[in-house]
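Structure record follows, encoded as structure tokens.
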Amino acid sequence: MPSEEFEDNYRIKWITERSTGKKYAVLLQNRNGPCPLLAISNALLLRGNIDIHEDMSHVNEEMLIEKITEYIFRANPLLREGEEEVVANEQQNLADVITTLPKLKKGIDVNVRFNAPDAFEFTPELSCFDMCRVRLLHGWLVDPQDPYSFDSFAKLTYNQLVDLIITASSSDQYGHLENGMDSEECSNRQVIAKLAGDFLEDNPSQLTLHGFHALSSAVAENEICVFFRNNHFSTLTRRDGKLFLLVSDLVSCAEKLARKAVGSW
Numbered sequence: 001m002p003s004e005e006f007e008d009n010y011r012i013k014w015i016t017e018r019s020t021g022k023k024y025a026v027l028l029q030n031r032n033g034p035c036p037l038l039a040i041s042n043a044l045l046l047r048g049n050i051d052i053h054e055d056m057s058h059v060n061e062e063m064l065i066e067k068i069t070e071y072i073f074r075a076n077p078l079l080r081e082g083e084e085e086v087v088a089n090e091q092q093n094l095a096d097v098i099t100t101l102p103k104l105k106k107g108i109d110v111n112v113r114f115n116a117p118d119a120f121e122f123t124p125e126l127s128c129f130d131m132c133r134v135r136l137l138h139g140w141l142v143d144p145q146d147p148y149s150f151d152s153f154a155k156l157t158y159n160q161l162v163d164l165i166i167t168a169s170s171s172d173q174y175g176h177l178e179n180g181m182d183s184e185e186c187s188n189r190q191v192i193a194k195l196a197g198d199f200l201e202d203n204p205s206q207l208t209l210h211g212f213h214a215l216s217s218a219v220a221e222n223e224i225c226v227f228f229r230n231n232h233f234s235t236l237t238r239r240d241g242k243l244f245l246l247v248s249d250l251v252s253c254a255e256k257l258a259r260k261a262v263g264s265w
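Per our numbering, the sequence shown runs over residues 1 to 265.
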């Protein structure tokens, strides 16, 4: 059993930017894997929003959350000034984020929509990304060049899509035409459910070709954000028109490689 102390600490790898000679801290995965807290922290470190002293080789979760909280307070002036009601609302949002941040050291439930890289069902956990001004993106997208599929289910969440497929396979609903649906409506739903099932089966990597291109267009040059794929959260950037993931495995600690290119699928 891993100790709680180990799980709450992250090893630091120092990298140097060739063009500037500036050193950056990269936090490496512990037993919790590529968790949201790690990805957000690395994004803020690479952007220079938070910092870690060069003498440090490890950082614990408590210090990370403290640094992230301080950054949120600095980056959101509405927490300090403005109309009383607005300030109170923002302060409550910050309090909620502080409560939620420790949950991000492990995986969280993310319910994507299939129509845009930034399309997700809102949850309190995702508000942490918003307050940190770090975008969360994905590439599990339906191609608009298949207009029937796109119009039929691209705006649904993953959970809604699974429910649609399960419901369509129910002989109670489609064999006996319950719930007041006529045969044509049942047939249409079965067709949509078949297309949705094929989409999930054909794209187990959760990155489609259209999604890759949409992601490339969505990420600005030198932007640093977080990429969600197969329940993993990775720090993502774009350099010279290409997408790169920050390498944060523990095995990379002694390697010079700091980032790797994102494949199309």
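Each residue gets a CB set at the ideal place from its N, CA and C atoms; glycine is no exception.
As the structure is a prediction and not an experimental result, all values here were calculated from the model.
- In this structure the stretch 140-155 does not touch the stretch 48-65; the number of beta carbon pairs closer than 8 Å is below three.
- Taking the C-beta atoms as reference points, Ala-43 is found no nearer than 8 Å to Gly-139.
- Listed in chain order, the non-local C-beta contacts of Ile-224 below 6 Å within the same chain comprise Ala-43, Leu-46, Arg-47, Thr-237, local neighbours out to five positions each way being set aside.
- Boundaries of the alpha helix (DSSP H) around Ile-68: 61-75.
- Distance from the CA atom of Asp-240 to the CA atom of Leu-246, rounded to whole angstroms, is 16 Å.
- For Glu-85, there are no CB contacts under 8 Å within the same chain when 5 residues up- and downstream are skipped.
- In this chain, the beta strand (DSSP E) harbouring Phe-244 covers 242-246.
- Val-162 is the residue among Val-162, Lys-103, Leu-136 whose C-alpha sits nearest the C-alpha of Leu-200.
- Going by DSSP, Val-226 is part of the beta strand (DSSP E) stretching over 224-229.
- Taking the C-beta atoms as reference points, Val-262 is found no nearer than 8 Å to Ala-39.
- Comparing C-alpha distances from Asp-109 to each of Phe-244, Asn-231, Leu-243 shows the shortest one belongs to Asn-231.
- Among the bridge pairs identified by DSSP, Asn-89 is matched with none.
- According to DSSP, Ile-12 shares a beta bridge with Leu-27.
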